[in-house]
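Presented below is the structure to which this report refers.
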Amino acid sequence: MHTIFQAEQWLPYPAEMVFAFFANPENLPRLMPAWQDARIEEAHFCPPPEHPGGFRYPAIAAGDGTRLTLSFRPFPGSPVRVSWEAGIAHFVWNEQFCDTQVRGPFHFWHHCHRVSPANGEGGAPGTWLRDEVEFELPLDPLSRLALPLVKRQMAAMFRFRQKRTTELLALITPK
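Reading the sequence shown from the start, the letters are residues 1 to 175 in my numbering.
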């Protein structure tokens, strides 16, 4: 049984900046709690399409067909590392990209990151970042018992990620 999880966050930065930050896989470990000791073990990059307007993007961006293998600790103090291989698809500059689990802990995982320019309170310019994750746990139907716990963990993970996103974007924004 597939489950949908959604999260959204308004950020006071241009959509181009927010998209570029998330399209750079080097930022992924920085968006995970330190106790997970997340790291990219392997990466096979496919360049994204040319940036609209001929803009030369100054960092890595994972385009359609990119494959990444990430490893991390599943819980604090774990001596075991979980390996997760993901592929990038549906890359559209300054709009969206999706990652799909190729190999990993879920039976199915499809996560889309979408950005759209939007004014915040008082008309301040910024961006809505929307994440939609469609997933299925392994060992269905037995795993349905664990689904409430997994949903709580995902909510906590995205709250952490949103806080870190705010911190990290503030560090790279010119004053």
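Where a beta carbon is used, it is the ideal one built from N, C-alpha and C, also for glycine.
Tell me where the beta strand (DSSP E) around Glu132 begins and ends.
-> Taking the sequence shown and counting its residues from 1, one reaches residue 132 at position 132. For Glu132, the enclosing beta strand (DSSP E) has its first and last residue at 127 to 136.
- Task: With DSSP collapsed to three states, give me the class of Gly123.
- Result: Translated into positions along the sequence shown, residue 123 becomes position 123. Gly123: helix per DSSP, three-state reduction.
TODO: Starting from the Cα of Trp35, find the closest Cα among Gly77, Phe135, Glu85 and give me that residue.
DONE: Indexing the sequence shown from 1 puts residue 35 at position 35. The shortest Cα separation from Trp35 among Gly77, Phe135, Glu85 belongs to Gly77.
- Task: Using three-state DSSP, classify Ala7 as helix, strand or coil.
- Result: Stepping through the sequence shown from its first residue, residue 7 is reached at position 7. Here Ala7 sits in strand by DSSP.
Quiz item: Does the distance from the C-beta atom of Pro33 to that of Phe158 stay below 8 Å?
Solution: Taking the sequence shown and counting its residues from 1, the one referred to as residue 33 is at position 33. Taking the sequence shown and counting its residues from 1, the one referred to as residue 158 is at position 158. No, these two residues do not count as a Cβ contact at 8 Å.
For Cys46 and Phe91, I'd like the C-alpha separation in whole angstroms. Your numbering for residue 46 matches position 46 in the sequence shown. Your numbering for residue 91 matches position 91 in the sequence shown. Between Cys46 and Phe91, the C-alpha separation is close to 11 Å.
Q: Decide if the region 120 to 138 is in contact with the region 94 to 110; the criterion is three or more beta carbon pairs, one per stretch, under 8 Å apart.
A: Pairwise C-beta distances place the region 120 to 138 in contact with the region 94 to 110, as three or more of them are shorter than 8 Å.
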